[in-house]
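Quick note on full-length UniProt numbering: the sequence shown kicks off at 1 and runs consecutively. Ideal Cβ placement from N, Cα and C applies to all residues, glycine included. Notes for the one structure printed next.
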Amino acid sequence: MVNKYIEDTMMKKFFDICFEFEFYLKIAITCTIFQQLFYWLLHYINIELNFITQVLLYSLIGSISFYTMGIFIENVIKKNDTLREKLNVRVKQVKKQTFHSFTAKGIIIGEIRSFIAALIILYLAPEVDRGYSLLLNLGWFLMRIVVFDFCFYVTHWLFHRKSFQKIHLKHHEFPDTSSFVAGHKTLAEYIIVTIAECLPIFIFGYDITQLCAWTIIGNAYNLEGHSSLSIFFIPSDFHDLHHTCFKGNYGIQGFWDRVFKTLNPPTKKPGIMFPVASLEKIVMK
């Protein structure tokens with residue numbers, strides 16, 4: 001009986017690690033695919049990108065992808081009763097809220113922030129042309145998501161200490177979240193998170209095609225993670241629990257929370273897009 005318990009515990013830990021690595025790997029693979037598309041496109045039309053052009057491209061792709069995917073999640077997926085029910089990942093129910101509507105002022109300020117952030121990142125970070133090497137790009141994205149997750153974990157954990165909570169409280173105005181809550185933050189938080197975003201680029205360098213791919217996929221899992229839905233990247237109610245409980249689950253996914261023992265155990269979403277959770281469900285019966 002004791003041996004069976006130990007075996008089950010070890011098996012569960014194994015699946016937990018695989019579950020978290022599955023997320024990292026999915027981000028890295030998807031980013032690599034998009035990087036190849038950007039690389040081929042830029043070389044097909046034979047455009048030489050100077051510094052300002054790179055900043056504009058990076059900023060523009062980030063803005064367009066953010067609003068397009070957010071609107072699609074909120075106005076297409078969530079408006080479809082079947083899809084909303086099927087993809088819902090929320091376990092802890094909360095009272096629904098009215099979210100802030102978009103204003104011209106808010107959009108303009110957001111675009112200015114985005115442009116300045118892109119300008120600073122590309123000015124300070126070292127540029128490295130990695131071309132079309134699949135392995136180099138996959139390795140870059142895999143290292144970046146793991147390191148960025150660590151940087152984000154540290155800053156996010158600090159945001160929940162009493163000395164820094166005021167910076168982060170705006171983001172937590174909505175326990176019942178919407179995709180666009182991903183961008184609902186104070187200027188101070190935006191600056192600090194942007195710095196955390198920069199650190200992996202300073203370590204590994206960047207290729208503009210990599211940054212374009214990263215900003216699209218980063219927006220995708222950030223919007224999805226705040227939507228209370230599990231569509232493609234989000235395999236559990238991990239971040240949903242963070243918003244409803246205001247503690248624990250400080251990382252992007254559970255790896256660093258598991259390491260530092262701040263994990264609020266999420267409910268895993270099995271399915272074709274999340275094979276590890278499905279396999280665990282079968283094996284652990």
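Closest Cα partner of residue i within the set the options
i: isoleucine 107; options: Glu48, Phe180 and Leu158; result: Phe180
i: tryptophan 157; options: Lys261, Glu224, Thr98 and Leu138; result: Lys261
i: phenylalanine 233; options: Asn80, Ile29, Glu173 and Leu138; result: Ile29
i: valine 259; options: His43, Glu20, Thr9 and Lys162; result: Glu20
i: tyrosine 44; options: Asn50, Gln36 and Gln253; result: Gln36
i: residue 291; options: Thr9, Asp16, Ile61 and Met11; result: Since the displayed the chain opens at 1 and closes at 285, residue 291 lies outside it and no answer follows.
i: leucine 119; options: Pro265, Thr53, Pro275 and His243; result: Thr53
i: phenylalanine 23; options: Ser65, Thr177, Gln97 and Asp149; result: Asp149
i: valine 89; options: Thr98, Thr215, Lys78 and Phe99; result: Lys78
i: phenylalanine 202; options: Ile121, Val193, Ile191 and Ser236; result: Ile121
i: phenylalanine 66; options: Phe274, Asn137, Gly183 and Thr32; result: Gly183
i: cysteine 212; options: Phe38, Ile6 and Glu111; result: Phe38
i: tyrosine 190; options: Leu169, Gln97 and Ile217; result: Leu169
i: phenylalanine 204; options: Asp240, Leu142 and Cys245; result: Leu142
i: phenylalanine 255; options: Phe14, Glu7 and His172; result: Phe14
i: isoleucine 217; options: Phe34, Lys12 and Ile6; result: Phe34
i: threonine 98; options: Thr215, Thr177 and Thr186; result: Thr177
i: asparagine 222; options: Gly110, His239 and Lys95; result: His239
i: serine 59; options: Asn75, Thr82, Gly110 and Tyr132; result: Gly110
i: phenylalanine 174; options: Ile208, Pro235, Ile167 and Lys95; result: Lys95
Bridge-paired residues (DSSP) for residue i
i: leucine 229; result: Asn88
i: phenylalanine 274; result: Gly271
i: tyrosine 153; result: Note: tyrosine 153 sits in no beta bridge, so no partner.
i: tyrosine 206; result: Glu127
Residue environment, residue i, which counts as buried when at least 16 other CB atoms sit within 10 Å
i: serine 228; result: buried
i: histidine 226; result: buried
i: methionine 69; result: buried
i: glutamate 197; result: buried
i: lysine 268; result: buried
i: proline 126; result: exposed
i: serine 163; result: exposed
i: leucine 134; result: exposed
i: leucine 263; result: buried
i: lysine 86; result: exposed
i: lysine 185; result: buried
i: histidine 242; result: buried
Local conformation of residue i per DSSP, three classes
i: tyrosine 39; result: helix
i: glutamate 127; result: strand
i: serine 236; result: strand
i: phenylalanine 102; result: coil
i: tyrosine 58; result: helix
i: tyrosine 250; result: coil
i: tyrosine 132; result: coil
i: histidine 143; result: Sequence inspection shows methionine at residue 143; the histidine mentioned does not correspond to that position. Looking at methionine 143 - three-state DSSP - the assignment turns out to be helix.
i: phenylalanine 115; result: helix
CB-CB length for residue i against residue j, believed under 8 Å
i: tyrosine 250; j: tyrosine 123; result: Contact flag wrong, Cβ pair sits at about 29 Å.
i: lysine 92; j: histidine 160; result: Not quite, the Cβ-Cβ distance comes to about 18 Å (not below 8 Å), so this is no contact.
i: leucine 49; j: leucine 41; result: Not quite, the Cβ-Cβ distance comes to about 12 Å (not below 8 Å), so this is no contact.
i: isoleucine 145; j: isoleucine 27; result: 5 Å
i: alanine 277; j: proline 270; result: 4 Å
Residue-level contact to chain D via CB, residue i, 8 Å cutoff
i: leucine 136; result: Absent here is chain D; the protein component of the structure consists of one chain.
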